[in-house]
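Working notes, structure below.
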Amino acid sequence: MRGPSNGSDDRDRSVIEEQIAYYDARALEYDETGVPQPDPVAQHGQRLRDELRAFEPRGDVLEIACGTGKWTALLAEFADRVTALDSSPRMLERNREKVAGDRVRHVLADVFSWEPDAAYDVVFFAFWLSHVPPDRFDAFWEFVHRSLGSGGRVFFVDEGRHEHWFEEPLPDDDNPSLVLRRLSDGSTHRAVKVFWAPEELQARLAKLGWSITVQGEGPFYWGTGGRRADA
Ligand SMILES: C[S@@+](CC[C@H](N)C(=O)[O-])C[C@H]1O[C@@H](n2cnc3c(N)ncnc32)[C@H](O)[C@@H]1O
Numbered sequence: 007m008r009g010p011s012n013g014s015d016d017r018d019r020s021v022i023e024e025q026i027a028y029y030d031a032r033a034l035e036y037d038e039t040g041v042p043q044p045d046p047v048a049q050h051g052q053r054l055r056d057e058l059r060a061f062e063p064r065g066d067v068l069e070i071a072c073g074t075g076k077w078t079a080l081l082a083e084f085a086d087r088v089t090a091l092d093s094s095p096r097m098l099e100r101n102r103e104k105v106a107g108d109r110v111r112h113v114l115a116d117v118f119s120w121e122p123d124a125a126y127d128v129v130f131f132a133f134w135l136s137h138v139p140p141d142r143f144d145a146f147w148e149f150v151h152r153s154l155g156s157g158g159r160v161f162f163v164d165e166g167r168h169e170h171w172f173e174e175p176l177p178d179d180d181n182p183s184l185v186l187r188r189l190s191d192g193s194t195h196r197a198v199k200v201f202w203a204p205e206e207l208q209a210r211l212a213k214l215g216w217s218i219t220v221q222g223e224g225p226f227y228w229g230t231g232g233r234r235a236d237a
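In my numbering, the protein residues as written are 7 to 237.
Below is the structure:
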């Protein structure tokens with residue numbers, strides 16, 4: 007069974023694989039270098055966490071691209087069970103160190119080749135949607151749909167375009183959704199980065215049958231909702 011690929015061809019497969027390898031290499035420095043210190047947008051990050059608490063992610067929760075666990079622990083405060091999925095063994099290792107316990111299940115998988123194994127009450131992802139290639143956007147949301155049980159809810163957070171830190175464009179590349187990322191060892195890697203504007207994202211999701219409100223918060227946005235009853 008296929009996960010949320012674009013279904014027609016796998017032209018962007020090499021970028022997906024590069025992005026997976028990049029994050030695995032970055033896992034050891036992710037928590038230290040993810041945000042400039044002192045964090046210029048700390049209060050906005052705090053607001054996102056407050057919104058997630060107010061949302062109360064209860065029941066069986068799927069966290070896509072869980073990373074080192076910056077959000078997994080908060081999910082586990084509410085959930086009966088968290089399935090924390092990531093394609094990076096090293097990210098998962100760090101996540102396990104932070105968030106242990108039998109209510110958290112760690113799954114090593116490429117989300118573009120994985121099929122949901124339960125009808126989840128909540129699907130959550132943080133700073134992941136911007137890494138979904140534009141050609142795979144619709145298929146990714148079909149995957150989210152297949153992951154949710156009846157009445158299931160979605161919560162996501164990510165960053166929009168902003169001036170606090172910048173993405174290095176790829177030289178000589180005409181694909182605007184690709185950026186160049188550098189690790190502290192000087193190595194460079196290609197990654198996908200799509201900067202959605204909240205209103206544009208909300209409208210696109212409505213066309214796909216979702217009733218999701220997307221709201222900006224400083225450089226970030228968060229979205230919450232579920233399938234439209236008539237979809
Ligand atoms: C920007 S980080 C976000 C991590 C975490 N959600 C957070 O907010 O700190 C992106 C994460 O996506 C994971 N990832 C990249 N490609 C993936 C894929 N194809 N399937 C699953 N996870 C992937 C990376 O390993 C990394 O942990």
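Even glycine gets a Cβ: it sits at the ideal position worked out from N, Cα and C.
Where Q49 is concerned, the enclosing alpha helix (DSSP H) starts and stops at A48 to F61. With contacts defined as CB atoms closer than 9 Å, V129 and V185 fail to qualify as a contacting pair. Within 10 angstroms of the beta-carbon of L114 lie fewer than 16 other beta-carbons, which makes it exposed.
Buried is the label assigned to F149, since at least 16 other Cβ atoms lie within 10 Å of its Cβ.
With 16 or more neighbouring CB atoms inside 10 Å of its own CB, R32 falls in the buried class. Selection L214, E57, A209 and V47 evaluated against F146 yields L214 as nearest (Cα-Cα).
Within the chosen limit of 8 Å, ligand 1 reaches the beta carbon of Y36 through at least one heavy atom. E148 is not bridged by DSSP to any residue. V220 places its beta carbon less than 9 Å from that of L207. Around the beta carbon of F172, fewer than 16 other beta carbons sit within 10 angstroms, so the residue counts as exposed. Comparing alpha carbon positions, the residue from E35, E223, F161 and R19 closest to R96 is E35. Measuring C-alpha to C-alpha distances from S93 to each of T74, A106, R109 and D116 identifies D116 as the nearest. E83: member of the alpha helix (DSSP H) spanning T78 to F84, first to last residue. Counting C-beta pairs with one atom in each stretch, the segment 151-161 and the segment 19-32 have fewer than three that are closer than 8 Å, which means they do not touch. Of the residues assessed, P42 falls on the exposed side of the cut-off, its CB having fewer than 16 other CB atoms within 10 angstroms. For S217, no alpha helix (DSSP H) encloses it; the enclosing beta strand (DSSP E) starts and ends at W216 to E223.
With a threshold of 8 Å, the Cβ atom of H137 counts as near ligand 1, since some heavy atom of the ligand is closer than that.
Not one heavy atom of ligand 1 falls within 8 Å of the beta-carbon of F201.
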